[in-house]
Structures are given as C-alpha cells and as structure tokens.
Amino acid sequence: MLKCCLRNKHIYPSNESVIGFQGEVMSDNQYTPPKVWANEASSGNKWANINSPVSGARFDRDLPVGEHGFQLYSLGTPNGQKVTIMFEELLALGITEAEYDAYLINIGESDQFSSGFVGVNPNSKIPALLDKTGAEPVNVFESASILMHLAEKFGKFLPASGPARTQTLNWLFWAQGSAPFLGGGFGHFYAYADVKQEYPINRFAMEAKRQLDVLDKQLANNTFVAGEEYTIADMAIWPWYGNLVLGNAYDAAEFLSVHTYTHVMRWAKQLEEREGVQRGRVVNRPFGEEWEKVPERHSAEDIDNVLKLRP
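Just so it is clear: in the sequence shown, position 77 is 77 by full-length UniProt numbering, and no numbers are missing.
Structure (structure tokens):
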C-alpha cells in the first residue's frame, strides 16, 4: 500500500518515509488517520487560508457593478484567462455586445468569500459571471459553463451541431477533468508546497506528462485541439497547457521536458500570436511584468494602455 508522508500537521521529506516512486514505507513516521477528521487551520502552505471544509460567505460585501451587460469577477489564473480570452476573441470579431467589466477577485485576500461573490458563485471559486443582457440577470460559474454560455449566446467558437460540436465538447471537458491534476496536483507539490516531497511530485509529474502526450498526439493531426477550427476547447486548454510549455507556469518547463511535445509547442505558440489571447491573458492580472498587468478592465483602452509597455 502507498502511504502518505503526512503526520499531524507536519510534512516529512520523502527520504524519511518513502523510497523511490514505488512508495515502499521505510519508517514508522506514517500518518495514521484519526477516526474523525478535524481541520487544522495552520496546516498547508501560504494558500491554506483560501481552503475550508465549509462553504458560504465569511463577511458581507456587495460586488461592484459596471455599465456593461457582462460583469466578470475573476483573477488572471488559467481558469480566469479562459473567460477573458473568450471575451477578447468575441470583441476582436467586432461583436460589441460582448463588452464586459472585469473586476479583480484577490483570492489571497479572501475576496471570493464575500456575500456578493458567493451570491454569484456559491462555490467561492473564480471565475464568476453576471450576465445582465437578458430580461433577468443570470449567474454563471465554472469556467467551462461560462465558455459554453458565451459561445451559445453569440454563436461563435462552438459548432452548432454534429460531430464537430461533440469533438469540441469532448476536449472542453477533457480540460476540466485533467487540469486539476496539473494545477492542484503537480503545481501544488512542485511549486507551492512548503516541503518538496518525492512521491507526490513524481506522481503528478507522470500525470502531467501523460496529459501532454495525449494533447501532443491529438495536435499531431489537427491544427487546433478539436480539429481545423479554433474553438472554446482551445481557449480552455491553452491557459493551462500552453502556458506550461511556453515556460509561464510553475517554472517547470525543463523539469517536464516540454520541448519534446513538439505539436503542443507549435499550437501554443500559434495561439500566443492571437490578438484575443494576448489581450485576454493580461486581464485581472495584478502580478507579472508591468506590460501584462490589467487588474480591472472596463474598456479596450485599459488593455491598450498596458500592452503599449510591452518590450
């Protein structure tokens, strides 16, 4: 049996508890689960405060509301980038009805636990969208749901029917099922965990590379992920896997030998050149270089003024 290397709130280095990737236990320093689990607020890493075993609002605060029909509450992480890329792609097509206000949700400051945000997304995760364009306001949450909502509303980036639609949805939901292993698994243990442990890093590195191989094989025979048409599947996958192979995530490109996934590299660079991707990736982003930080977006000029600083 594979054993976890946690004991109480402490994380033991892998060489004290586990040998190699097979996970053979070599020490008595094993975590024995209690009969009833209890939360230890001090456990975890610097992001531990954003997790809790209970849902709901922690404090009262209304969300700001701008003048446009779409109100986005988000952060420029991969999941957030999916939606802002979609908005910017729609606007690049001249669809002015897709104008949006994008407000920053700073998850490190627990903005996602305000009563206003929980009212839009009871799961307290970004991104969350308030669509005011219809007779009644509609709350939309989960990034794939938002992508589908916008694609169907405007009739863009999602085939209306047939095999092409099914293929697009196949890969959209592949991303939803796979990316947590990359972010919450590999990214957490490789980049964010307080102590680097051999077993979980190996476990999730293997899965990340398997996913890259799946994607590489698909892109070997297709210009875009779902075929020859650029779709919401590409928008969902690029922020995670495109950023990864381009060296923009977890500082792990060399570790994962991303250069060997030549078809993913080709696709990632191709999408990086798109105006919608270049603009969407910087929205709700308070970190990075000055030319890629647009904490809030209310008009095209907000992005234009920042991208002018690009070297």
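Heads up, the beta-carbon is just placed ideally off N, CA and C, and yes, glycines get one too. Just so you know, these numbers come straight off a predicted model, no measurement behind them.
| Asked | Found |
| --- | --- |
| Nearest to Q167 by alpha carbon, out of K196, G227, P200, E109? | G227 |
| Assign L309 to one of two classes, buried (16 or more other C-beta atoms within 10 Å of its C-beta) or exposed (fewer than that). | exposed |
| Could you check which residue in R285, Y241, T133, V294 has the C-alpha nearest to that of E67? | T133 |
| For A233, decide whether its Cβ has a neighbour in chain C, counting only Cβ atoms nearer than 8 Å. | Absence of chain C from the displayed structure is noted, only one protein chain being present. |
| Expressed to the nearest angstrom, what Euclidean distance is found between the alpha-carbon atoms of G116 and W240? | 28 Å |
| Based on DSSP bridge pairs, tell me the residues matched to S102. | One point to set straight first is that residue 102 is Ala, not Ser, in the sequence displayed. Answer by DSSP bridge pairing, in chain order: L72, R297. |
| Return the chain-ordered list of same chain residues with a C-beta closer than 8 Å to the C-beta of residue 324, the five sequence neighbours on each side being excluded. | Summary: the structure shown does not reach residue 324, with the chain confined to residues 1 through 311, and so no result is reported for it. |
| Less than 8 Å between the C-beta atoms of F247 and L271, yes or no? | First, the residue type needs correcting, since residue 247 is Gly and not Phe in the sequence shown. No, Cβ-Cβ distance for G247 and L271 is not below 8 Å. |
| Three-state secondary structure (DSSP) at L130? | strand |
| By a C-beta neighbour count over all protein chains shown, 10 Å radius and 16 as the cutoff for buried, is R61 buried or exposed? | exposed |
| Beta-carbon within less than 7 Å of Q112's beta-carbon, same chain only, minus the 5 sequence neighbours each way: which residues are those? | I105, S124, K125, I126 |
| Which stretch, first to last residue, makes up the alpha helix (DSSP H) that contains F204? | 198-219 |
| Does the region 88-105 come into contact with the region 280-300, if we say contact requires no fewer than three beta-carbon pairs (one atom in each stretch) closer than 8 Å? | yes |
| For L244 and L150, what's the separation of their Cα atoms in angstroms? | 26 Å |
| Which residue marks the beginning of the alpha helix (DSSP H) containing V36, and which one marks its end? | Per DSSP, V36 belongs to no alpha helix (DSSP H) and is neither H nor E. |
| Curious, which full-length beta strand (DSSP E) runs of at least 3 residues does the region 133-204 contain? | 138-141 |
| Short of 6 Å in beta carbon distance, which residues of its chain neighbour P64, apart from the five on each side in sequence? Order them along the chain. | Y103 |
| If you pair each beta-carbon of the region 193-200 with each one of the region 250-261, do three or more pairs fall below 8 Å? | no |
| A98: which of G276, G184, A205, P122 sits nearest, CA to CA? | G276 |
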